[in-house]
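One structure is given below, encoded as structure tokens.
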Amino acid sequence: MLDPTSITDAGSPSDTGSSQDQQTAVDKALTLLMSLAEEDREVGVSELARRTQLTKSTAFRLLGILQRNDVVERVGSSYRLGPQLFDIGRRVYGPTPLMLQDRLLPFLTELYVLTQETVHLAVLHRTDVMYVNKLHGHRRARTSTRIGSRMPASCTAVGKALLAFDHDAAELAIAQGLPAPTEHSVTDPADFRAELARVRRDGIAYDREEILPGVTCVAVPVIGAAGRPVAAISVSGALHRFEPARVAPELRRVAFEAARELGATARSRGRRHPAGSAAA
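Quick note on full-length UniProt numbering: the sequence shown kicks off at 1 and runs consecutively.
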């Protein structure tokens, strides 16, 4: 395993490095990881050193330590993120997103087959949405989302579908200042509260070029066993061809069936582990 006391500010082995040196080495290692995360390809040592403003020898030594711990992989003379980092990342938000990803995949697949547009599954994380799953095909919309990424909830259909039923999160988002990724984003608190009221009334939310120009989206919440939304499902498409209102009925139906599946799963678990019994 990675021993932070084995590297100093210069990246060389040491048994007596100060805590400041050790922290600096960790900072540099994290900088390398963040630089690798910006790419969907392998990156060479020289380029990584240039990006992170490290010497090539320091970058090489730190990458070697990360490689030994499976946090990065070496491909020829270049590097990419390793499987251990992926495994750690899957645990960041706990088991619920992973359970939702698994249980609701059939419903996302059905929705994609029906619409042939990009389908998302997302959960609320403070005032952001985190994308748990994403399906797209040849007609994919130009989106910046990926599984595990986060976006401001106030600018997305999935986010508004969830914020509408979480008063505290909605008010926190307003207090922090509503971001404006595009000129169509809703930034006025009164207008935003009115939109969330419409979402609560109609059970459906829209993103009209609010997160990305040329892309529109429709979303509905997935209601959990406790009667509150646990996730939201959306369909996104290019503005020039996609009419969100046309897919809204199918989206509502699929979300209802997804909620029923989650409810059945919860009841099944309750029967296996009744209150007061020890879980296996």
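Backbone N, C-alpha and C define an ideal beta-carbon position, used for all residues, glycine too.
From a predicted model like this one, the values you see are computed outputs, not experimental measurements.
query                                                                                                                                                                                               : result
If I follow the unbroken beta strand (DSSP E) through V119, where does it start and stop?                                                                                                           : 118-125
Please determine if the segment 110-125 and the segment 232-239 are in contact, where contact requires at least 3 C-beta pairs separated by less than 8 Å.                                          : yes
Just verifying my parser: in three-state terms, what is the DSSP assignment at P181?                                                                                                                : coil
Where DSSP assigns a beta bridge to M130, which residues make up the other side?                                                                                                                    : V123, R150
Please report the residue range of the alpha helix (DSSP H) in which I211 lies.                                                                                                                     : Where I211 is concerned, there is no enclosing alpha helix (DSSP H), given that its DSSP letter is neither H nor E.
According to DSSP, is E243 helix, strand or coil?                                                                                                                                                   : coil
Whether or not the segment 105-118 and the segment 148-162 are in contact is what I'm after, with contact meaning three or more pairs of Cβ atoms, one per stretch, closer than 8 Å; do they touch? : no
Only counting runs of 3 or more residues, tell me where the beta strand (DSSP E) segments fall wholly within the UniProt domain "HTH iclR-type" (23-83), in order along the chain.                  : 72-75, 78-81
Answer yes or no: do A197 and K160 have a C-beta to C-beta separation smaller than 8 Å?                                                                                                             : no
How many Å lie between R146 and R252 at the Cα?                                                                                                                                                     : 23 Å
Based on the DSSP output, what are the partners of T216 in its beta bridges?                                                                                                                        : R208, G237
Distance, Cα to Cα, V222 vs L104?                                                                                                                                                                   : 10 Å
Among L54, E42, R41, R193, whose alpha-carbon lies nearest the alpha-carbon of T31?                                                                                                                 : L54
So, does the segment 68-88 touch the segment 129-140, judging by three or more C-beta pairs under 8 Å?                                                                                              : no
Just to confirm, are C155 and P189 a CB contact at a threshold of 8 Å?                                                                                                                              : no
What's the call for V72, buried or exposed, on a 16-neighbour Cβ count within 10 Å?                                                                                                                 : buried
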